[in-house]
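**Q** Shown below is the structure under consideration.
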Amino acid sequence: MFNGLFPYLRGYFHIIGNGNMFAEFVGHYNFFGHCFKSSKCSLRADCNIMQGSFALNFKGYAPVSLCYNISRRWLLNLLYIFTGSDDFSLKERLKQIKLALGDESLSSANTTMLEGKNLTAAELQNYVQTVPFLAPARLVIVNGLLERFEGSKGKAAAKDTASKTSPDEFARALSNLPPTTLAVLLDYTSSKDGDYREKEKVSALASNPLFKLVSPGAEVKHFAPLSAQNLPGWVMQRAKQSSIQMSVPAARLLARFVGADLWTLSSEIEKLGLYAQGRVIEEADVENMVGYAQEVNIFALVDAVLDCKVKDAQQSLTAFTAGGGSPGFLLFMLVRQLRLMVRYTALKKRGLKEAEIFKAMGGSEYALRKTASQAACQNMDSLKAIYSKLLETDFNIKTGRFEPELAMGLLVAELCGRK
Numbered sequence: 001m002f003n004g005l006f007p008y009l010r011g012y013f014h015i016i017g018n019g020n021m022f023a024e025f026v027g028h029y030n031f032f033g034h035c036f037k038s039s040k041c042s043l044r045a046d047c048n049i050m051q052g053s054f055a056l057n058f059k060g061y062a063p064v065s066l067c068y069n070i071s072r073r074w075l076l077n078l079l080y081i082f083t084g085s086d087d088f089s090l091k092e093r094l095k096q097i098k099l100a101l102g103d104e105s106l107s108s109a110n111t112t113m114l115e116g117k118n119l120t121a122a123e124l125q126n127y128v129q130t131v132p133f134l135a136p137a138r139l140v141i142v143n144g145l146l147e148r149f150e151g152s153k154g155k156a157a158a159k160d161t162a163s164k165t166s167p168d169e170f171a172r173a174l175s176n177l178p179p180t181t182l183a184v185l186l187d188y189t190s191s192k193d194g195d196y197r198e199k200e201k202v203s204a205l206a207s208n209p210l211f212k213l214v215s216p217g218a219e220v221k222h223f224a225p226l227s228a229q230n231l232p233g234w235v236m237q238r239a240k241q242s243s244i245q246m247s248v249p250a251a252r253l254l255a256r257f258v259g260a261d262l263w264t265l266s267s268e269i270e271k272l273g274l275y276a277q278g279r280v281i282e283e284a285d286v287e288n289m290v291g292y293a294q295e296v297n298i299f300a301l302v303d304a305v306l307d308c309k310v311k312d313a314q315q316s317l318t319a320f321t322a323g324g325g326s327p328g329f330l331l332f333m334l335v336r337q338l339r340l341m342v343r344y345t346a347l348k349k350r351g352l353k354e355a356e357i358f359k360a361m362g363g364s365e366y367a368l369r370k371t372a373s374q375a376a377c378q379n380m381d382s383l384k385a386i387y388s389k390l391l392e393t394d395f396n397i398k399t400g401r402f403e404p405e406l407a408m409g410l411l412v413a414e415l416c417g418r419k
């Protein structure tokens with residue numbers, strides 16, 4: 001039971017179950033400029049409770065949305081700190097906060113994006129103290145402010161407390177947020193930076209002077225990339241959220257094809273849902289519909305060719321063309337894969353670590369690891385010999401010397417018989 005918790009509202013509150021609040025009010029109430037006068041009344045209001053805000057719709061009166069600081073330990077945080085390279089999950093959390101502010105058009109009009117690189121504490125103070133327009137609260141998102149105080153820069157800034165851009169000044173602005181402002185500090189890590197950079201960022205936060213000052217009163221969340229073991233579970237959960245039925249083997253296969261790219265995974269799940277039209281998505285659906293399946297067929301063909309397995313290579317070639325793949329596209333993909341293998345081998349010779357090679361090359365984790373395993377079994381001379389055969393086949397197709405299907409068949413036979 002809470003009595004007189006709001007400066008603008010006198011009454012009694014208690015939570016009854018999930019998402020409901022019962023309130024009894026007496027007298028005159030001022031809800032952010034909306035004045036009401038009533039005798040004693042009891043009313044039940046829908047309450048959207050999540051970390052960020054709650055909204056009350058009073059039946060019999062004009063709808064009123066409230067976003068208020070009841071307690072920093074109960075229901076509402078005014079300050080959020082989000083870091084990490086999983087930008088999909090990070091932006092999903094931002095979307096939740098925006099939805100909690102009510103009407104989408106009004107929340108968009110009351111959302112401000114700031115770059116922290118050249119932001120002053122005075123400017124930040126002005127933004128967070130601005131009153132929202134026709135909305136219960138406003139959202140101020142600052143990107144890169146924490147990064148300004150990392151490492152040696154942070155130590156120097158922390159000593160210069162008299163500076164208008166010291167961490168103390170920014171902390172003062174963020175520690176005195178009005179109840180109508182939610183602030184979010186973002187500190188992205190590129191997914192291409194790898195796990196080592198992710199760990200560096202987490203470690204750097206511990207010594208960041210601004211983070212030390214503001215984190216005790218904030219919701220702090222690090223969005224690290226999902227591990228390969230957790231991806232199938234994420235796929236199943238995401239499909240369920242979209243009312244899409246998917247078998248566990250299909251989820252595993254999709255996660256294996258796409259890797260930790262949650263943006264692509266989400267898109268492929270929606271595409272598979274439309275294709276399945278209400279039935280359970282199986283492995284065959286993933287193989288037929290997901291673009292990465294073609295990559296897997298390419299890998300199977302390259303594996304067979306490199307191992308000189310004629311039968312397996314011919315089966316992979318037949319499966320690819322039967323699935324609608326054109327010989328020209330197949331040749332293009334083979335050339336592309338050989339280039340990746342050559343590049344991987346060259347970077348490896350330069351002494352780069354695997355994480356550094358993957359960062360330089362980009363692409364899905366599955367494709368990179370498969371390329372690495374294929375390249376490890378070959379030397380540069382054999383890769384160059386295969387590459388020459390691919391160029392010769394390309395020339396034969398473009399000059400009309402052979403039909404594309406025949407040229408590809410001959411190519412596979414020649415490559416498999418090279419030993």
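When you line the sequence shown up against the UniProt record's numbering, it's residues 1 to 419, in that order. In this text, a Cβ means the ideal position worked out from N, Cα and C, and glycines have one as well. Computed from a prediction, not measured in an experiment: that's the story for all the values here.
So is the beta-carbon of L340 under 7 Å away from any non-hydrogen atom of the ligand PLP?
**A** With respect to small molecules bound, the structure shown includes none, and the ligand PLP cannot be examined in it.
**Q** So, using beta-carbon positions, are A173 and L210 closer together than 8 Å?
**A** The answer is no: Cβ separation not under 8 Å.
**Q** Go through the segment 245 to 305 residue by residue and report every complete run of the alpha helix (DSSP H) that reaches 4 residues or more, in order.
**A** Correct list: 248 to 258, 262 to 276 and 283 to 289.
**Q** So, helix, strand or coil for L415, using DSSP?
**A** Looking at L415 - three-state DSSP - the assignment turns out to be helix.
**Q** Considering only residues of the same chain and omitting the five flanking positions on each side of E270, which have a CB-CB separation below 7 Å?
**A** The residues S242, in chain order, have a CB closer than 7 Å to that of E270 in the same chain once the five nearest residues on each side in sequence are set aside.
**Q** Tell me, please, which residues DSSP counts as bridged to N143.
**A** In the DSSP assignment, N143 is bridged to E115 and L186.
**Q** Using a Cβ-Cβ cut-off of 8 Å (strictly less than) and excluding sequence neighbours within five positions of L146, which residues of its own chain qualify?
**A** I81, T83, G116, L185, D187, L205, N208, L210 and F211
**Q** Using the Cβ count rule (16 or more neighbours within 10 Å means buried), how would you classify Q337?
**A** By the neighbour-count criterion, in which a residue is buried when 16 or more other Cβ atoms sit within 10 angstroms of its Cβ, Q337 is buried.
**Q** According to DSSP, V220 sits in a beta bridge with which residue or residues?
**A** Looking at the DSSP assignment, V220 forms a beta bridge with I81.
**Q** By a C-beta neighbour count over all protein chains shown, 10 Å radius and 16 as the cutoff for buried, is L134 buried or exposed?
**A** By the neighbour-count rule (16 or more Cβ atoms within 10 Å), L134 is not buried but exposed.
**Q** Could you tell me which of G151, F149, L124 and M236 sits nearest to I141, measuring between CA atoms?
**A** L124
**Q** Considering only the beta carbon of each residue, do V302 and Q378 sit closer than 8 Å?
**A** no
**Q** Per DSSP, what are the beta-bridge partners of R138 in this structure?
**A** T181
**Q** My guess is that P225 and A251 are in contact by the Cβ rule of under 8 Å, so how many angstroms apart are they, rounded?
**A** At roughly 18 Å, the Cβ-Cβ gap does not stay under 8 Å, so P225 and A251 are not in contact.
**Q** What are the start and end residues of the alpha helix (DSSP H) that includes S167?
**A** Going by the sequence as given, residue 167 is Pro instead of Ser. Per DSSP, P167 belongs to the alpha helix (DSSP H) from P167 to S175.
**Q** Helix, strand or coil for M408? Go by DSSP, reduced to three states.
**A** helix
**Q** Is the distance from the Cβ of V220 to the Cβ of T181 below 8 Å?
**A** no
**Q** What is the residue span of the alpha helix (DSSP H) that R343 lies within?
**A** P327 to K349
**Q** Counting only the same chain and skipping the five closest in sequence on each side, list residues whose C-beta sits under 6 Å from that of G194.
**A** Residue placement at G194 is flagged as unreliable, the pLDDT there being 46, under the threshold of 50; the coordinate-derived value follows with that caveat. Hits under 6 Å: A355 and K359.
**Q** What residues in its chain sit with their C-beta under 7 Å from that of H222, if we drop five residues either side in the sequence?
**A** T83, G84 and V202
**Q** Based on Cα-Cα distance, which residue from T371, L391, L411 and R369 lies nearest to V310?
**A** L411
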